[in-house]
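Contents: one structure, followed by commentary.
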Amino acid sequence: MIVNMEQSAPTVAPKRKPVPQHWGEWVIENLIQLAGVSTLIIIGLIFAFLLREGLPAFFEISPATLLGVRWYPIEEMYGLLPLLAGSFIVTIGAVVIALPLGLTTAIYLGEVAPRWQR
Numbered sequence: 006m007i008v009n010m011e012q013s014a015p016t017v018a019p020k021r022k023p024v025p026q027h028w029g030e031w032v033i034e035n036l037i038q039l040a041g042v043s044t045l046i047i048i049g050l051i052f053a054f055l056l057r058e059g060l061p062a063f064f065e066i067s068p069a070t071l072l073g074v075r076w077y078p079i080e081e082m083y084g085l086l087p088l089l090a091g092s093f094i095v096t097i098g099a100v101v102i103a104l105p106l107g108l109t110t111a112i113y114l115g116e117v118a119p120r121w122q123r
């Protein structure tokens, strides 16, 4: 049997990552990748530090004391409820300010703003 090479199925070359046209693009791409990886490492280290330093508090302080409503450092009474309530109130305040501002900005840019301003 004779096989005509023109009629055989073409071979597919393996896909390669496109080489940037300019060396500056290559440098920027690698710097962005380095920044992303280093950010993940730093966040992991912060999490490990907080876990290592904060975990003993859950074993030394009773849950009733932790969830108490009194915060008196002089008497060594550290109830977390006032801190949690304060954080919640600040979060609600931030959402009340940011949500309307963000939505109106998005609507303006998407529907009203001229093309050059987008």
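Mind the numbering: the sequence shown is residues 6 to 123 in the working numbering, read in order.
Note that the Cβ used here is the ideal one computed from N, Cα and C, for glycine as well.
CA-CA distance, G98 to G107, rounds to 14 Å. In the DSSP secondary-structure assignment, W76 is bridged to Y83. Pairing N35 with S43, the inter-Cα distance amounts to about 12 Å. Between the stretch 86-97 and the stretch 61-77, the count of C-beta pairs closer than 8 Å reaches three or more; the two stretches touch. The beta carbon of A103 sits closer than 6 Å to none of the beta carbons in its chain outside the five residues before and after it. Counting along the chain, R57 sits inside the alpha helix (DSSP H) bounded by residues 28-65.
DSSP places L71 in the uninterrupted alpha helix (DSSP H) bounded by 68-71.
T70 places its beta carbon less than 9 Å from that of M82.
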